[in-house]
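> Here the protein sequences come in this chain order: A and B.
Using the numbering used here, the first residue of the first sequence is number 368, and each one after it goes up by one.
Using the numbering used here, the first residue of the second sequence is number 622, and each one after it goes up by one.
Backbone N, C-alpha and C fix where the C-beta goes; we use that ideal spot for every residue, glycine too.
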Amino acid sequence: MSTTTVRASRRADTPAVRVGPLARAARRFGVRMVAPSALLLVVLLAIPSLLTVAYSVHKVPSNGASLGEFVGFDNFAVVLSSPVFWSSMRTTLIFSAGFVVLSTVIGLATAVLLNQEFVGRSFARALLIVPWAMPWLVLGILWRWYADGSVGGLNSLLLTLGVIDDYQEFLADPTSALLLTIVAAVWRQASFAGILFLSGLQTLPAELNEAAELDGAGIWGRFLHITLAWLRPVLITVTVLNVIYAFLQFDVIFAMTQGGPGDATQVLSILIYRQLFVVTNIGLGSALAVVLGALALVGGLVTVKLLYSSESR
Amino acid sequence: MRSNATQRSQRLPALGRRAFLKASGGGLLLAAAGPALLSACGSGGGSQEAWEGPISMLGWDFQPDMIKQLVADWSAESGHEVDVAILPNVGYSAAIQTRLRGGDKIDLFYNFAYNSRKFIEEGWASTLNDLPGIDDLVADLFESSRERHVTPEGDIISVPYFSAVHTLHYNERMLQEAGLSAPPTTLQETYEQSKAIADAGLVSSPYVAYWVKEFCEEYLHTYLLAEGITAFDDDGNPVFADDPKTEGVFEWWQTMYREGLAPASVLNDDPGKLSNEMAQGNAAFFVLHHYFLTSIRDLAGPESENVLLAPVTAQNHTLQIGEVLQMGANDNEEARAAIWELMKYYGWKDGEGRYSVFTEWAKAAGLAAPYPGFFTDPDVVEAFPDYYDLSQLSQIFDTGSKVVPARTSAWYPDFQAKVGDVVHALLLGEITPKDTVAQLADAATSAQGSGGL
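Encoded structure:
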């Protein structure tokens, strides 16, 4: 369908409205009402972003007295030539992949489950909000205790299930520490995804599934071609948000491991925190932040592109 | 849907421009005129140039009620008002730097010694050279402690908030049960005794240490000094890399961890948990600041009474640490004089020449002050619990410990931030002791150069 056709059909559907001076004044009034908050948003987003970009090409003094000496792309050269950066990038990508996939899939599964009729459904739906209502930092501290090798409940649970035969120090092992930070972050994000998916599912007309069932479609077929197809716009939103949250994740990891053991969970945001707030190398920290921002942007755009192209297919 | 919305819009009065302006006009007028009216009625328009206080003070959350009480006592006596703000200890360094960078004016603040020279260079703190009585304060310090507060150029940059020495906390009963007559005096003996205690089945991992990333740098110096290794020369060069004994220290660390003589959890454990491990009898050795003996005893665990202090090693030195008080950048002479009075009281002696603040810290937590006179002051002697051997502690401060002057250099926080990654990689067996020496030397060199990640 071409753009012209859409415009034409919309014009045909829309009743003709006479735009008089009163209506124009009302529109202007509306614009003026929205303008301050829109301006505030632009300022709050644009100024820090522009400052970060400006800092990234300067050797900025720690005390913030001036922008400092212009150094071009030197800070980026330091970042890109550092093995610490590439190791952190690898950790960030692993963390992000795990975070995005698990929180999307678990969120979707939870929503599908909570969309069924069962006793206590309202209570279960109310519980879904609990992880999302918890601040990331508190969540990190809770999971740190939960994963503790002496007093944590995770060991007890896994021991009871027969998964382990002795208490383990999960956060002292590089692999399990990374895995646990992913699981902890997913625990919260999946609830957010679940809420969005559930709201999408509630708009799905029951007749569609009933008709498909009558036509002989199985559970998997109905899920794939009706439920998932209906949820595609929500899926795109959820996935893009998950990608952005993944790249910017800091609190949970910092509270659980501070990036350790070694550099096992040192994602880029922790590296940025260290440069900006501990070492106060503002130029280098800003260059890292620009790289991370670009990564999150590209990640989000690629996700949108992939999901939209699969939709058009 | 559309019809419902239409109906709703018909029922509700529309918010038009006129209605909005009518409703908000009065409010806006009041809001605009209010402050002007209030200021006209309130302040008498006094001079802004004369300093009237209050003094703003920032500290971290170690016994915040005690901090407020001590300051309130001083305020009551001096007549100067003090606004005390407390931040969490974890992340304090980042938080204070962010505040100062954002333009906060803080007159007096706690600081980590490793940040002190950097803060002077950034203009966030001022030197104390010309203040009345400062020379007496410096002369009163242990000679070993002076380099923490006085730069090689002679600038006095801070006064003590508290001080401590790294010591070995050991469980005497476990040693006896394992057939050991005295605590270890070398790193090799520490290894052998840990093994003996583990082999005797007393505890599986007898040695605990605060090996979290942020703290590894302190341990680095504790163990280098224990082996008689100089970490940095006067120019800040990492000469530890040239000393063949350094690799031996890292081999010892790796062995202790890899052989399970230290529990795997030490990479994440906080000192509270480690103190509890000693109190409960889950560990036999614990190296950290001397005052953790108070924590262990106060926990009143089954083994608390059996824990005693000894030097980390007998032959060489240990690390003397001390966090500091710094004066913010304030040009007003009157303000500086008042802040200095508070600093003297809080970091040295009160108006009657007594170590009254330090006495309270000693009583509350076993903290020490880096003044020889502190250890012989009758009030202090009475304040310290009797399980402390004050003459031993005083001797460690005097001749058995060093402060590592490079730790206050402006480049040092960059190095400090990198040590944890390297040490953890060593403990986890990801790099060899030889690589550890090289990587730490590189980290020190790069910190003094352009920085880097």
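By DSSP, does B/T748 sit in helix, in strand, or in coil?
Indexing the second sequence from 1 puts residue 748 of chain B at position 127. Here B/T748 sits in coil by DSSP.
> List the residues of chain B that A/R641 touches, going by C-beta distances under 7 Å, in chain order.
The count along the first sequence starts at 1 and reaches residue 641 of chain A at position 274. Simply A1038.
> Smallest Cα separation from B/H910: which of B/Q941, B/Q684, B/Y828?
On the second sequence, residue 910 of chain B is found 289 positions in, with the first residue counted as 1. The option with the nearest alpha carbon to B/H910 is B/Q941.
> Just to confirm the assignment, what range does the alpha helix (DSSP H) spanning B/F1036 have?
Within the second sequence, residue 1036 of chain B is the residue found at index 415, counting from 1. Start and end: 1033-1048.
> Report yes if the CB atom of A/L595 is closer than 8 Å to the CB atom of A/N482, and no otherwise.
The residue labelled residue 595 of chain A in the question sits at position 228 within the first sequence. The residue labelled residue 482 of chain A in the question sits at position 115 within the first sequence. Not a contact, by the Cβ cut-off of 8 Å.
> Less than 8 Å between the C-beta atoms of B/T1020 and B/T788, yes or no?
Here residue 1020 of chain B corresponds to residue number 399 of the second sequence, with the count starting at 1. Here residue 788 of chain B corresponds to residue number 167 of the second sequence, with the count starting at 1. Not in contact: B/T1020 and B/T788 (Cβ atoms no closer than 8 Å).
> What do you get for B/G666, buried or exposed, if any count of 16 or more other CB atoms within 10 angstroms of its CB means buried?
Here residue 666 of chain B corresponds to residue number 45 of the second sequence, with the count starting at 1. Any reading at B/G666 must be qualified, since the residue scores a pLDDT of 38, below 50, and its modelled position is unreliable; the value itself is stated next. So B/G666 counts as exposed.
> Taking B/H701 as the reference, which of B/P1054, B/L888, B/L708, B/V692 has the closest Cα?
Taking the second sequence and counting its residues from 1, one reaches residue 701 of chain B at position 80. Per the Cα distances, B/V692.
> Helix, strand or coil for A/Q616, going by three-state DSSP, please let me know.
Taking the first sequence and counting its residues from 1, one reaches residue 616 of chain A at position 249. Three-state DSSP puts A/Q616 in coil, outside helix and strand.
> Can you tell me where the alpha helix (DSSP H) holding B/W681 begins and where it ends?
For the purposes of this step, residue 681 of chain B is identified with residue 60 of the second sequence, where counting begins at 1. That residue, B/W681, is in no alpha helix (DSSP H); its beta strand (DSSP E) goes 676-681.
> Please determine, among B/A1064, B/A1004, B/K1055, the residue with the shortest C-alpha to C-alpha distance to B/S872.
Start at 1 with the first residue of the second sequence, and residue 872 of chain B comes out as number 251. In the sequence as displayed, the identity of residue 872 of chain B is Glu instead of Ser. Ranking the options by Cα distance to B/E872, first place goes to B/K1055.
> To test your reading of the DSSP string, which unbroken beta strand (DSSP E) runs of 3 or more residues are found completely within the stretch 942-1014 of chain B?
Within the stretch 942-1014 of chain B, no complete beta strand (DSSP E) run reaches 3 residues.
> If we ignore side chains and look at the alpha-carbon of each, how far apart do B/A644 and A/F396 end up?
Locating residue 644 of chain B in the second sequence gives position 23, where the first residue counts as 1. Locating residue 396 of chain A in the first sequence gives position 29, where the first residue counts as 1. Confidence at B/A644 is low in this model, with a pLDDT of 49, below 50, so its placement is unreliable and the value that follows should be read with caution. Computed Cα separation, rounded: 15 Å.
> Output the residue ranges of the beta strand (DSSP E) runs that lie fully inside the stretch 438-483 of chain A and measure 3 residues or longer, sorted by chain position.
With a minimum length of 3 residues, no continuous beta strand (DSSP E) run stays inside the stretch 438-483 of chain A.
> DSSP state of B/Y912, grouped into three classes?
Counting from one through the second sequence, the residue named residue 912 of chain B turns up at place 291. Reduced to three states, the DSSP call for B/Y912 is coil.
> Does the beta-carbon distance from B/Q684 to B/A985 come in below 8 Å?
Translated into the one-based positions of the second sequence, residue 684 of chain B becomes position 63. Translated into the one-based positions of the second sequence, residue 985 of chain B becomes position 364. It is a contact, given that the beta carbons lie within the stated cut-off.
> Do the CB positions of B/M1075 and B/A885 come within less than 8 Å of each other?
Residue numbering for chain B in the displayed model covers 622 to 1074; residue 1075 of chain B lies beyond these limits and cannot be assessed.
> Using a C-beta to C-beta distance shorter than 7 Å, which residues of chain A count as neighbours of B/T719?
Counted from its first residue, the second sequence places residue 719 of chain B at position 98. Chain A residues near B/T719: F644.
> Heavy atom of the ligand ZN less than 7 Å from the Cβ of B/V692, yes or no?
This structure simply doesn't include the ligand ZN, nor any ligand for that matter.
> Should the stretch 424-437 of chain A be regarded as contacting the stretch 630-641 of chain A, the criterion being three or more beta carbon pairs within less than 8 Å?
At 8 Å Cβ cutoff, the stretches do not touch.
> Check whether the stretch 994-1014 of chain B and the stretch 728-746 of chain B touch, using three or more Cβ-Cβ pairs below 8 Å as the test.
Contact fails: fewer than three Cβ-Cβ distances are below 8 Å.
> For B/D855, which of helix, strand or coil comes out of DSSP?
Looking up residue 855 of chain B in the second sequence gives position 234. Three-state result, B/D855: coil.
> Provide the residue(s) that pair with B/P932 in DSSP beta bridges, ordered along the chain.
As a working note, residue 932 of chain B is residue 311 in the second sequence. For B/P932, which the question treats as bridged, DSSP gives the partners B/T788.
> With B/A706 and A/F644 assumed to form a contact (beta carbons below 8 Å), what rounded beta-carbon distance in angstroms separates them?
Against the second sequence, residue 706 of chain B aligns to sequence position 85. Against the first sequence, residue 644 of chain A aligns to sequence position 277. 18 Å between Cβ atoms; not a contact.
> On the three-state DSSP scale, how would you describe A/V559?
Numbered from 1 along the first sequence, position 192 holds the residue referred to as residue 559 of chain A. Val is not the amino acid found at residue 559 of chain A; the sequence shown has Phe there. The answer is helix: DSSP assigns A/F559 an H, G or I state.
> List the endpoints of the continuous beta strand (DSSP E) containing B/I707.
Working through the second sequence from its first residue, we reach residue 707 of chain B at position 86. Where B/I707 is concerned, the enclosing beta strand (DSSP E) stretches over 703-708.
> Does the beta carbon of A/P541 come closer than 8 Å to any beta carbon on chain B?
Translated into the one-based positions of the first sequence, residue 541 of chain A becomes position 174. For A/P541, the answer is yes, since a Cβ of chain B falls inside 8 Å of its Cβ.
> Can you find the residues in the same chain that come closer than 7 Å, C-beta to C-beta, to B/V1024, ignoring five residues on each side of it along the sequence?
Residue mapping note: residue 1024 of chain B aligns to position 403 of the second sequence, counting from 1. For B/V1024, where only same-chain residues beyond five positions count, the Cβ hits under 7 Å are S765, S766, E768, R769, Q941.
> Return helix, strand or coil for B/F907, following the three-state DSSP convention.
Mapped onto the second sequence, residue 907 of chain B falls at position 286. In the structure shown, B/F907 sits in a strand (DSSP, three-state: E or B).
> Going straight from the alpha carbon of A/L655 to that of A/I496, what length do you get?
By 1-based counting over the first sequence, the position of residue 655 of chain A is 288. By 1-based counting over the first sequence, the position of residue 496 of chain A is 129. If you take the alpha carbons of A/L655 and A/I496, they lie about 34 Å apart.
> Would DSSP call A/L608 helix, strand or coil?
Working through the first sequence from its first residue, we reach residue 608 of chain A at position 241. It is helical.
> For a contact defined as C-beta to C-beta under 7 Å, what are the partners of A/G431 on chain B?
As a position in the first sequence, residue 431 of chain A is number 64, starting the count at 1. Chain B residues near A/G431: R722.
> How many angstroms separate the CA atom of B/N750 from the CA atom of B/M948?
The residue given as residue 750 of chain B occupies position 129 in the second sequence. The residue given as residue 948 of chain B occupies position 327 in the second sequence. If I take the Cα positions, the gap works out to 12 Å.
> With distance defined between alpha-carbon atoms, name the residue in A/G465, A/W597, A/E580, A/L408 nearest to A/N331.
There is no way to answer for residue 331 of chain A, as the model of chain A reaches only from 368 to 680.
> Scan the stretch 473-554 of chain A and note each continuous alpha helix (DSSP H) run of 4 residues or more that stays entirely inside, going in chain order.
Segments of the alpha helix (DSSP H) lying fully in the stretch 473-554 of chain A: 488-500, 503-513, 520-528.
> Let's test the definition: count the other Cβ atoms within 10 Å of the Cβ of A/I414 and tell me whether it reaches 16, buried, or not, exposed.
In the first sequence, the residue the question calls residue 414 of chain A occupies position 47. By the 10 Å Cβ count, A/I414 comes out exposed.
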